[in-house]
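Here the structure comes first, spelled out in structure tokens, and everything after it is commentary.
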Amino acid sequence: PGKIGNIFAKTVKLGPGKRGREIPLSARIVALADVYDALVSERSYKKGWKEASALKYIRFQAGRQFNPELVKIFLKIYDVIRAIRRRYT
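Here my numbering is used: the sequence shown runs in plain steps of one and ends on residue 1280.
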């Protein structure tokens, strides 16, 4: 409610959204990487999750939030992902 809510409601039309393969592959990959990074990274308002907990969450979300095939690939190349993260954090 309020001015901002009214402006938003008049200017932005939200549809039902995209699902599955309607979402570009690049967006699905970035979503998985972004969630992983958000989980394991320390923020001013939270501690980072342990890697094992983050990977458990990613596995749990396969077929729900994430494409199961992408999760399988993510886990297969996890050593590379870990090395990149350690190098740049």
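We treat Cβ as the ideally placed atom computed from N, Cα and C, and that holds for glycine. Source: prediction; values computed, not measured.
Helix, strand or coil at LYS1241 according to DSSP, with G and I counted as helix
coil
Beta-carbon within less than 8 Å of LEU1266's beta-carbon, same chain only, minus the 5 sequence neighbours each way: which residues are those?
Excluding residues within five positions, the ones whose Cβ falls inside 8 Å are LEU1246, ILE1249, ARG1250.
For ARG1276, the three-state DSSP class (helix, strand or coil):
helix
Quick check: the Cα distance between GLU1260 and LYS1241, rounded to an integer number of angstroms?
Near 23 Å, if we compare the C-alpha coordinates of LYS1241 and GLU1260.
Could you compute how far the alpha carbon of GLU1213 sits from the alpha carbon of LYS1263?
Approximately 20 Å between the Cα atoms of the pair.
Under the three-state DSSP convention, the category ARG1255 falls into:
Of the three classes helix, strand and coil, the one that applies to ARG1255 here is coil, per DSSP.
Taking C-alpha atoms, which residue in ASN1258, TYR1279, THR1280 lies nearest to LEU1223?
Nearest C-alpha to LEU1223: ASN1258.
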